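Q:
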Amino acid sequence: MAEATAGGPGREGGEQDTPPAAKRRRLQGGGAERFVPPPRKLNPGVSFSEAHFAETSYYFEDGLRKVRPYYFDFQTYCKGRWVGKSLLHFFASEFRAHPLAYYRVAARAGRLRLNEQPVRDLDVVLKNNDFLRNTAHRHEPPVTAQPIQVLAENDEMVVVDKPSSLPVHPCGRFRHNTVIFILGKEHNLKELHTIHRLDRMTSGVLMFAKTLEVSKRIDEQVRQRQLEKEYVCRVLGEFPENEVVCEEPILVVSYKRKA
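Just so you know, we're using full-length UniProt numbering here: the sequence shown kicks off at 1 and counts up by one.
1. State the CB to CB distance for the pair His187 and Val150, rounded to an integer number of angstroms; the pair is presumed to be in contact (CB under 8 angstroms).
2. Any idea if Gly184 is buried or exposed, counting beta-carbon neighbours within 10 angstroms, 16 or more meaning buried?
3. Going by DSSP, which residues form a beta bridge with Arg133?
4. For Asn134 versus Leu112, is the C-beta distance shorter than 8 angstroms?
5. Answer yes or no: do Leu122 and Leu88 have a C-beta to C-beta separation smaller than 8 angstroms?
6. Terminal residues of the continuous alpha helix (DSSP H) containing Ala107?
7. Looking at the unbroken alpha helix (DSSP H) that takes in Ala145, where does it start and where does it end?
8. State yes or no: is the C-beta of His169 within less than 8 angstroms of the C-beta of Ile180?
9. What does the Cβ neighbour count give for Ala152, buried or exposed, with the cut at 16 atoms within 10 Å?
10. Return the residue from the list Thr56, Phe90, Asp73 that minimises the CA-CA distance to Arg81.
11. Using the three-state DSSP reduction, which class does His89 fall into: helix, strand or coil?
12. So if DSSP puts Arg65 in a beta bridge, which residue, or which two residues, is it bridged to?
13. For a test of the three-state rule: what should DSSP assign to Val168, helix, strand or coil?
14. Between the Cα of Thr76 and those of Asn129, Leu236, Ser93, Val235, spot the shortest distance and give me the residue it belongs to.
15. What is the C-beta distance between Pro141 and Arg120, in whole angstroms, given that I count them as a contact (C-beta under 8 angstroms)?
16. Going by other Cβ atoms of all chains shown within 10 Å of its Cβ, with 16 needed for buried, is Phe74 buried or exposed?
17. Suppose you measure from the CA of Met157 to the CA of Val214; what does that come to, to the nearest Å?
18. When we look at the beta-carbon of Tyr231 and count the other beta-carbons within 10 Å, is it buried (16 or more) or exposed?
19. Reducing DSSP to helix, strand and coil, say where Val222 ends up.
20. Would you report the Cα separation of Arg68 and Ser86, rounded to the nearest angstrom?
21. Output the residue ranges of the alpha helix (DSSP H) runs that lie fully inside the UniProt domain "Pseudouridine synthase RsuA/RluA-like" (157 to 248) and measure 4 residues or longer, sorted by chain position.
22. Identify the continuous alpha helix (DSSP H) that holds Phe53 and give its terminal residues.
23. Apart from the five residues on each side of it in sequence, which residues of its chain come closer than 8 angstroms, Cβ to Cβ, to Thr178?
24. Taking the alpha carbon of residue 260 as the reference point, which residue from Pro147, Ile182, Pro163 has its own alpha carbon closest?
25. Which residue wins for smallest C-alpha separation from Val83, given the options Leu198, Val125, Val159?
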């Protein structure tokens, strides 16, 4: 299923929008003082720069696009629900892609940092606004080597044909093997704003805006149902010609591991 999204607010020319009350309290020193200032975006709504695109490179093998493994820093500030919890509990509940043994090894190797200091005791209790950094060696899953075809481009928009197996933007284990990163690295389209999404395994027409203003305008058209999306699927067997309505419960299978 596709899902309409709007480009997020950002900063431009050193000016910034008034933050929400909770964020103002944090910035003014409510609770613990921030150890590291939050990063500033150079272009509102755009999350990736030249440095991000240069983190690694692609290679092609057996019909697949692959990413050379690279080091990457996962960074976050301590959220309210983590305050008073141990660092071990934080990794066990929030980052379940790896077993706890992985984080113990990472701590001993100095790859886990709390307020920019290596932390080896995973029983340390988190405080409000603690800054956490986990340096990982990322190995992204391969995707199809089928190129992304640019269908149309003007001063406001880019329209592409997204192949199956590619996520639209970084998520989960995918970062460089995504439409956003491939367009930035191979088509020099580096400041795009997501208008809508297609699921990773869905192929089809995908639109990006070149400015935040265009993104907001088209997003509003999507919300007002002024745009139409059509899905075509290939079926196996003899499919009925008339409309079929399914009123049975739909089973949702979740592969998320429980803490």
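Quick reminder that beta carbons are idealized off the backbone N, C-alpha and C, glycines included.
On a predicted model such as this, the values are computed, not experimentally measured, just so you know.
A: Judging by the given coordinates:
1. 7 angstroms
2. buried
3. Arg133 is bridged by DSSP to Gln75, Arg113.
4. Yes, the pair counts as a contact, with Cβ atoms nearer than the cut-off.
5. Contact: yes.
6. Judged by DSSP secondary structure, Ala107 falls within the alpha helix (DSSP H) whose first and last residues are 100 to 108.
7. No alpha helix (DSSP H) contains Ala145, which DSSP labels as neither H nor E.
8. yes
9. exposed
10. Cα-wise, what sits closest to Arg81 is Phe90.
11. helix
12. Phe60, Val143
13. coil
14. Asn129
15. Not confirmed; about 31 angstroms, so no contact.
16. exposed
17. 8 angstroms
18. exposed
19. helix
20. 34 angstroms
21. 179 to 186, 212 to 223
22. In the DSSP annotation of this structure, the continuous segment of the alpha helix (DSSP H) that includes Phe53 starts and ends at 50 to 53.
23. Leu166, Pro167, Val168, His169, Pro170, Cys171
24. One cannot answer for residue 260 here, as it falls past the ends of the chain, which runs 1 to 259.
25. Val125
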